[in-house]
Each structure stands twice: as C-alpha cells, then as structure tokens.
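Asker:
Residue numbers (our numbering): 206 to 392.
1. Under the assumption that residue 402 contacts residue 312 (Cβ atoms under 8 Å), give the Cβ distance between them as a whole number of angstroms.
2. For the ligand FMN, I want to know if residue 282 counts as a neighbour, meaning its beta carbon is within less than 6 Å of at least one of the ligand's heavy atoms.
3. Out of 234, 248 and 353, which one is the CA nearest neighbour of residue 309?
4. So, is residue 385 buried or exposed, given that buried needs 16 or more other C-beta atoms within 10 angstroms?
5. Assuming residue 244 contacts residue 299 (C-beta within less than 8 Å), just tell me the rounded distance between them.
6. Specify the secondary structure class of residue 239 as computed by DSSP and reduced to three states.
7. Would you check if the distance between the CB atom of residue 350 and the CB atom of residue 360 is smaller than 7 Å?
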C-alpha cells in the first residue's frame with residue numbers, strides 16, 4: 206500500500222472506526238467463510254450459527270454490544286460510540302463475505318386473485334410460482350398463497366404485477382440468500 210501513502214487516523218476517530226470495522230469484518234469474514242474461528246467469542250457465535258442458523262455477524266454484534274456496554278463504567282462514552290460504529294460495520298462485512306453479494310427476494314402473496322397473479326408472473330416474468338392452500342384464521346375462508354422468488358432486479362416488476370391485478374393484495378417480502386435451481390445460480 207506504499208503507493209497510496211499512509212493513513213493518518215490517530216486523531217480522526219470516525220475514520221479510525223470505519224477502517225477498523227472494514228478490516229476486522231473482512232478478516233473475520235474470510236476466517237468464518239472457511240469454517241475457522243479466532244478462539245474468542247466467535248466460538249459462541251459459530252455454535253449458535255450451527256444450532257439455530259443465526260448470522261455470525263449479528264451474533265457477534267450482540268456479544269460485542271454486551272461487552273462494550275459493560276465498558277461504560279471505565280471508558281469514555283464517545284469512544285464507546287466509535288467502537289460501536291466499528292463493530293456494526295464489521296458485523297455487516299462479516300455477513301456480506303459469508304453470504305455473498307447475491308441476494309434474492311421471496312414474495313408471499315395473499316389475494317383473492319392469486320391464480321391470475323401467478324399466471325401473469327409465469328407468462329410475463331418467466332418465473333415459477335408455487336400455490337399454497339391456506340385458511341384465513343380471522344375470516345375462516347379458504348385462500349391461496351402464491352410463493353415466488355425473484356432476483357433483486359425483478360422486485361419492482363413483480364410488485365407492479367401484483368398491485369395491477371389486486372391493489373389490496375397482502376404481500377410479504379423476505380430476503381433470500383443462496384438460491385439454487387432453474388433461473389438462479391447453479392451449484
């Protein structure tokens with residue numbers, strides 16, 4: 206990095222926090238991606254990740270917040286806040302490296318016009334749709350739920366299709382990672 210010069214960060218705490226978060230997150234993300242640990246609190250994070258599927262970055266963020274919270278007794282509050290910035294950024298970078306940049310969205314669509322919506326999605330977007338039978342707990346009426354996964358760039362189009370057919374449709378959109386199969390990345 207000699208061609209870039211040196212970073213003078215000792216008096217710029219926000220820049221130090223950003224730099225620390227990115228480098229810590231990148232280092233830990235690489236270690237975690239290949240199944241390793243550093244022997245610290247990330248062992249707890251690894252166990253919880255394997256047992257419950259929780260994100261390593263989020264688990265470490267919670268553990269670090271608890272530890273940093275205990276430090277309020279003897280470390281100035283301003284430095285605690287800068288440390289929280291670094292820890293937050295590190296947790297996001299860890300998850301980014303582990304899960305990858307690819308993400309899709311899963312749509313669950315509840316409507317009185319589910320079959321019409323599904324037909325348009327299949328025809329216009331060339332995406333598969335799964336129809337799930339359901340019963341409304343409040344109304345006790347039989348319904349159908351359409352389930353469809355689309356890449357990030359197709360989210361707006363799918364949302365427009367649903368709203369054009371049924372403006373009152375109930376839509377649940379969830380983040381999806383590592384989608385495999387026809388129309389998505391292959392193993």
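Cβ atoms here follow ideal geometry from the backbone N, Cα and C, with glycine treated the same way. Remember, predicted model here, so these are calculated numbers, not experimental data.
Answerer: Per the coordinate set shown:
1. Missing from the structure shown is residue 402; the chain here goes from 206 to 392 and no further.
2. The model on display carries no ligand, and the ligand FMN is accordingly not part of it.
3. Residue mapping note: residue 309 aligns to position 104 of the chain shown, counting from 1. Among 234, 248 and 353, the Cα nearest to that of residue 309 belongs to 353.
4. Mapped onto the chain shown, residue 385 falls at position 180. With fewer than 16 Cβ atoms within 10 Å of its Cβ, residue 385 is classed as exposed.
5. Start at 1 with the first residue of the chain shown, and residue 244 comes out as number 39. Start at 1 with the first residue of the chain shown, and residue 299 comes out as number 94. About 16 Å; that fails the 8 Å criterion.
6. On the chain shown, residue 239 is found 34 positions in, with the first residue counted as 1. In this structure, residue 239 counts as coil in the three-state DSSP scheme.
7. For the purposes of this step, residue 350 is identified with residue 145 of the chain shown, where counting begins at 1. For the purposes of this step, residue 360 is identified with residue 155 of the chain shown, where counting begins at 1. No, they are not a contact pair.
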